[in-house]
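Chain order of the listed sequences is U and L.
If you're matching positions, the first sequence starts at 0 in numbering that gives the first Met the number 0 and goes up one per residue.
If you're matching positions, the second sequence starts at 0 in numbering that gives the first Met the number 0 and goes up one per residue.
The beta carbon of each residue, even a glycine, is placed where N, CA and C say it ideally should be.
These numbers were taken from a predicted model, which means no experiment stands behind them.
To start, the structure itself, in structure tokens.
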Amino acid sequence: MISFDYISAADVESALRAASTPSSKFIAGGTTLIDLMKLDVERPTTVVDVTTLARRDASLAAVSELPGGGLRLGALAHMSDVAWDPRVRDRYPLVSQSLLLAASGQLRNMATMGGNILQRTRCSYFRDTATPCNKRDPGSGCSAIGGFNRTHAILGTSEHCIATHPSDLAVALAALDTTVQVRGTAPRSIPFADFHLLPGAHPEVETTLRPGELITSIDLPAVSFAKRSLYLKVRDRASYAFALAAAAVAVDLQGGAIRGARVALGGVGTKPWRSHEAEAVLVGKRATEATFRAAANAALAGARPHKDNAFKVELAKRTLVRALTEVSA
Amino acid sequence: MQPPNIGDIAPDFVLSTGRWLSDVRGAPVILAFHEPGWDPARADEIEGYRHLIQAGEEPQRVLVSNDEPAAALYGAARESAVFVLDGRGRIAWRHVAGIDPVESAAEIAALGLQTNGDGVRTAWSRRGFVATAIGAAVALTLEPTFGRAQTAAAQLPSGGTTTGAAVGDAVPVTLNVNGQTITLNLEPRVTLLDALREYAGLTGSKKGCDHGQCGACTVHIDRRRTLSCLTFAVMQQDKKITTIEGLAASAGATGDSLHPMQQAFIEHDGFQCGYCTSGQIMSATAMVGEPWGPGDDDVREAMSGNICRCGAYPGIVAAVQEVRRNGGGQGR
Ligand SMILES: Cc1cc2nc3c(=O)[nH]c(=O)nc-3n(C[C@H](O)[C@H](O)[C@H](O)COP(=O)(O)OP(=O)(O)OC[C@H]3O[C@@H](n4cnc5c(N)ncnc54)[C@H](O)[C@@H]3O)c2cc1C
Ligand code: SF4
Ligand code: FES
Ligand code: FES
């Protein structure tokens, strides 16, 4: 790890000022940043600690009510606190579940909402500075295409990068039409669908967050049927592993008919993968296995598997069918 | 100070060239701490050392007098020591006089591995590389003649000696650990785990993976279980840190008596080699205070961030369940 200047920010303004130097990084829970700094994948020369901001403004680390029935998740709120929050568990079960199925008890006590949606891919080539990787070292090539790519993405890939977005929370957020609140030169709101970018020709640019901008909260809108929602995660071991496939679903069920649906997939996309295609198949149909299967086929219609991850196409379909079956039961 | 362990990032310092040790990453580095006044040029007389210099993938040599401040960073103040750093700046092998035992016959024999029958050097194998370093170590530490050379220090063909400059950017960091306030001089990049183990002498918290994947480094910060390997010590000032050393006292135990969770681990065979155990126990004592369900499966899920390579899981689950039945005994 290279040496760096450490600045602990007293308030948002000084945090923004400190982060305006090139090659600076905010640090919250540190569970992505320090991990990657140890590998020399991240090499910030200034590290701005934002955990101290909550001392001045506790709402930055809290869950609070929004007018109109939504919930605001403070950017510095810990995964564990949000996961166990009674309002989140009751009104947005998929959010609570996506958090409890992620990482470990210790990591969830450290990691934050803002850091979670900005976590970097677990592509092993990205983490190894001895191998080419367009995301880490633009233009150097992609070692995963043609390499070992069992855990890589099948949706949203490009010829430059096929890395999976690893966050579970982000998949639940994608299903809900969430908004990311940001402070920079001016405050702005970023619709969640616009927050993460497809790799395209520039896999090194992962979000529309501008350098030096600070996430202050993630806002969950009121979704009348979000109470009937589920996050289902399939992985290589029973716990403490990233998703091979995951589904975040919510359905509005009236007498066996689907009036509204939300579907997002994890573990298979280069970004948290909202599937409007699956939703379009579901709405207006009866909640039967045939309907769910048709929705799953629609969701994976654009899948482009590589050498080692073709199994993910069927795995993702079955994961979605099972999630829809369970949530409709 | 204790020398860094194999696998650790080599502590950084400024070389005589003005570059940092971390700047020479990319190639292996042989870092030797020698007696003041020892002539590094005479290292060439050592068969192994000549191989090092002739190697195709030439390792950098960094020779430092053991009275330089950098020697203290490596637990080598006034001691002979050799460290082999891999291309990423991690310690791949070490020999510190007085700490690491030397089986000289075997090691000198190992030196022979790098030449074929005709005495011609074969491929630069990792094994040969390490064996060569061992040879250098043996020469430096066991051969008094090499340590007491008459000649003044010569110019080095590569690498260099330290300038004696202090390790940059250390700041005073005040931590509250197990009810005691300690102030350490640390660079911001020192993790809480390294601060506890290498600077505060609290080696109960273990380094398994150093990347958040195993749970061996679990401590409590403000009563919550966290991973000390993924946070910087400088970020944990003004917090209450509890490690395995202070766990029993935090729950009111006195003298040598144990925390109920420690006792339960013993009674239920919750460990075998013990490497993961302090992390398991710190995790378990905090988990008892979290809103998990009552079943064995809940314990398995809640404890999944603590890996046990010995597979002592059934005993761990039994120990945690016994403590939960008896009403907790959570430590701080
Ligand atoms: C062993 C292991 C297993 C894991 N398993 C899972 C899993 O199964 N599922 C899952 O979803 N995740 C998993 N994770 C990832 C974990 O959830 C993330 O590392 C964590 O959420 C990141 O949050 P943080 O607060 O620690 O971020 P940090 O490491 O502090 O920051 C991450 C990035 O976000 C930036 N940042 C942080 N906060 C802000 C802000 N407010 N505004 C702007 N930028 C900000 C930082 O500059 C940095 O670039 C795992 C991690 C580990 C180490
Ligand atoms: S998949 Fe993306 S992150 Fe992985 S090696 Fe290729 S470019 Fe790098
Ligand atoms: S050493 Fe911290 S989790 Fe492994
Ligand atoms: S007891 Fe050996 S690793 Fe757990």
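Taking a contact as a CB-CB distance under 8 Å, the pair Cys275(L) and Ile243(L) does not count as one, their CB atoms being some 12 Å apart. For a Cβ distance threshold of 7 Å, residue set His210, Gly211, Leu229 of chain L lies close to Asp34(U), ordered along the chain.
Uninterrupted beta strand (DSSP E) stretches at least 3 residues long and entirely within the segment 62-103 of chain L occur at 80-84, 90-95, given in chain order. One finds Ala102, Ser103, Gly104, Gln105, Leu106, Tyr239 in chain U with Cβ atoms closer than 8 Å to the Cβ of Gly304(L), taken in chain order.
Relative to ligand 4, even the nearest heavy atom lies 7 Å or more away from the CB of Arg89(L). Distance from Ala298(U) to Ala277(U) at the Cβ level is roughly 4 Å; contact confirmed, criterion being Cβ atoms closer than 8 Å. At a beta-carbon threshold of 8 Å, none of the residues of chain L lie near Gly68(U); the nearest stands roughly 25 Å away.
Taken from the Cβ of Ala143(U), at least one heavy atom of ligand 2 lies inside 7 Å.
Close to ligand 1, as judged by a C-beta nearer than 5 Å to any of its heavy atoms, are the residues Lys24(U), Phe25(U), Ile26(U), Ala27(U), Gly28(U), Gly29(U), Thr30(U), Thr31(U), Leu32(U), Ala74(U), Ala101(U), Ala102(U), Ala110(U), Thr111(U), Gly113(U), Gly114(U), Asn115(U), Leu117(U), Gln118(U), Ser166(U), Asp167(U), Leu213(U), Ile214(U), Phe241(U), Gly211(L), Gln212(L), in chain order.
Judged by beta-carbon spacing, Thr230(L) lies beyond the 8 Å limit of Met112(U), meaning their Cβ atoms are not closer than that value.
For Leu226(L), the residues of chain U that pass the 7 Å Cβ criterion are Gln105, Leu106, Met109, in the order they occur in the chain.
Under the 10 Å beta carbon count, Gly292(L) is surrounded by fewer than 16 other beta carbons and is classified as exposed. Using a Cβ-Cβ cut-off of 8 Å, Phe25(U) does not count as an interface residue toward chain L, since no Cβ of chain L sits closer than that to its own. When Cβ-Cβ separations below 8 Å define contact, Glu34(L) makes no contact with chain U. Interface residue (Cβ-Cβ distance to chain L less than 8 Å): Ser2(U) is classified as such. One alpha carbon belongs to Gly251(L), the other to Met260(L), and they sit about 13 Å apart. Excluding the 5 residues flanking it on each side, Ala318(L) has same chain C-beta neighbours closer than 6 Å at Ala263, Phe264, His267, Gly269, in chain order. Contact between Thr128(U) and Asp39(U) holds: CB atoms are separated by about 5 Å, below the 8 Å threshold. Pairing Gly67(U) with Ala221(U), the inter-Cα distance amounts to about 7 Å. Secondary structure note for Asp218(U): its beta strand (DSSP E) is the uninterrupted segment 213-219. Taking the beta carbon of Val62(U) as reference, no residue of chain L falls within 9 Å; the closest one sits roughly 15 Å away. Shown here, Ala246(U) sits in a strand according to DSSP, grouped into three states. Around Ile153(U), the same chain offers Val267, Ala302, Arg303, Pro304, Asn308, Lys311, Val312 as residues with beta carbons nearer than 7 Å, after the five sequence neighbours per side are excluded. With respect to His258(L), Thr284(L) sits close: the two C-beta atoms are nearer than 8 Å. The beta-bridge partner set that DSSP reports for Ala260(U) consists of Val250(U). What Trp83(U) touches in chain L, judged by beta-carbon distance under 7 Å, is Pro290, going in chain order.
Of the candidates Asn296(U), Lys232(U), Val326(U), Asn296(U) places its Cα closest to the Cα of Lys316(U). Rounded to whole angstroms, the separation of the alpha carbons of Asp167(U) and Ala286(U) is 25 Å. Secondary-structure assignment with DSSP links Thr180(L) through a beta bridge to Asn175(L). Going by C-alpha positions, Gly73(U) is about 13 Å away from Val87(U).
Per DSSP, the unbroken beta strand (DSSP E) holding Gln180(U) starts and ends at 178-182. Listed as beta-bridge partners of Ala31(L) by DSSP are Leu62(L), Val81(L). Within the segment 190-205 of chain L, those residues whose Cβ lies closer than 9 Å to any Cβ of chain U are, in chain order, Thr190. Distances from the CA of Ala289(U) to each of Thr30(U), Val262(U), Leu319(U), Ser274(U) were compared; the closest alpha carbon is that of Leu319(U).
For a cut-off of 8 Å, the C-beta gap from Leu14(L) to Leu84(L) is around 13 Å, too long to register as a contact. Rounded to whole angstroms, the Cβ separation of His210(L) and Lys134(U) is 19 Å, and the two are not in contact under 8 Å.
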